[in-house]
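If you use full-length UniProt numbering, the sequence shown corresponds to residues 1 to 261, in order.
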Amino acid sequence: MRATVDKWRARFLEQRINVLYDEVRPGKPRTIDDERVVELIHRTLHTKPADGSMHWSVRTFAAETTISATSVHRFFKLLRLQPHCSESFKLSINPFFIEKLRDVVGLYLSPPENALVLCADEKSQCQALERTQPMLPMGLGHVEGVTHDYVRHGTTTLFAALNVLNGAVLVACKPRHRNHEFLSFLREIDKAAPEGLDVHCIVDNYGAHKHPTVKAWLAARPRWHMHFSPLIVISLYTSVIAVAQDLDSDHSIHDSLHANP
């Protein structure tokens, strides 16, 4: 023991604090070299499993190679290979797509001064449900409770307009989603918008948004400017609200029908 202490004291006097750091050691030799890693990448990206599966999984890849499932999982994670995942996309064939894209993105990133920028949409077929008994609130030792049965009050359409600048949302429920209801919602926006401000409204290409009645109403109001885009941010809001109100039917769209006849 004394010999070990003397040895470390001598080392410290000679090398000071650096002696306390461990030296680099070779470790266990690699069992999967670079060539096999390149083969793993190529096989994952350009081939399909022999069993007819659409995508590789850790187990199917390990079964067809000599690489263990643990190593396959490690390389998939390291290289961010996700053969089990897929994403959807859409390529627009509209010749004016780039111009529309720049127009809408410009409104989001740099809204014009003395203007109100809104993103509007509707969510149709929202079920107006009412639970047969009041909801039991959450308490110590038990979760929130609702009855399994409910009363249907038909469906409604949720209209919403998102203020791009501050995130405020104007919401209304309408019985249908025709041009009449959309125009009624635009009138509500026009009434709520401060005087003296231009209104830039981003909507999708739904037919009701381009109806002649709507166009005539807009033509008589120079401060209104419509911007059409395939996808809009407010769609996410209306979808989340619809799902949340399906789950929490005790405070559901049914209550909103009386507030927004």
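Cβ coordinates follow ideal geometry from the N, Cα and C atoms, glycine included.
State the DSSP-derived secondary structure class of residue i, mapped to helix, strand or coil.
i: LYS7; result: helix
i: SER92; result: coil
i: GLU35; result: helix
i: SER68; result: coil
i: LYS77; result: helix
i: ALA50; result: coil
i: LEU170; result: strand
i: LEU140; result: coil
For the alpha helix (DSSP H) holding residue i, just list the boundary residues, first then last.
i: VAL214; result: 212-219
i: ARG102; result: 97-109
Could you give the distance in angstroms between the alpha-carbon of residue i and the alpha-carbon of residue j?
i: THR103; j: SER229; result: Before going on, a small fix: residue 103 reads as Asp here, not Thr. C-alpha separation (whole angstroms): 10 Å.
i: PHE185; j: ALA115; result: 19 Å
i: THR44; j: LYS90; result: 25 Å
i: SER68; j: GLU130; result: 54 Å
i: residue 274; j: ALA120; result: Residue 274 lies beyond the residue range present for the chain, which begins at 1 and ends at 261; the question has no answer from this structure.
i: GLN125; j: ARG221; result: 31 Å
i: TYR150; j: VAL143; result: 19 Å
i: PRO134; j: VAL146; result: 7 Å
i: ALA259; j: LEU118; result: Summary for ALA259: the model assigns pLDDT 48, below 50, so the residue's position carries little reliability; its value from the coordinates is reported in the next sentence. Near 23 Å, if we compare the C-alpha coordinates of LEU118 and ALA259.
By DSSP's criteria, residue i is part of a beta bridge. Which residues make up the other side?
i: VAL28; result: Note on identity: in this sequence residue 28 is Lys, with Val being the wrong assignment. Beta-bridge pairing links LYS28 to no other residue.
i: LEU165; result: Paired residue(s): none; LEU165 is not in a bridge.
i: TYR21; result: DSSP, once it has assigned bridges, lists no residue as partnering TYR21.
i: ARG152; result: LEU129
If we count the other Cβ atoms within 10 Å of its Cβ and call it buried at 16 or more, is residue i buried or exposed?
i: SER252; result: Any reading at SER252 is ruled out, since the residue's pLDDT is 47, under 50, leaving its predicted position unreliable.
i: ALA168; result: exposed
i: LEU247; result: With a pLDDT of 46 at LEU247, under the threshold of 50, the modelled position of that residue is not reliable, and no figure is offered here.
i: TRP56; result: buried
i: LYS123; result: buried
In terms of residue numbering, what span does the beta strand (DSSP E) encompassing residue i cover?
i: ASP190; result: No beta strand (DSSP E) contains ASP190, which is instead part of the alpha helix (DSSP H) from 179-192.
i: ARG131; result: 115-131
i: VAL146; result: Looking at the DSSP string, VAL146 is not in any beta strand (DSSP E), and its letter there is neither H nor E.
i: ASP198; result: 198-203
i: HIS225; result: 224-228
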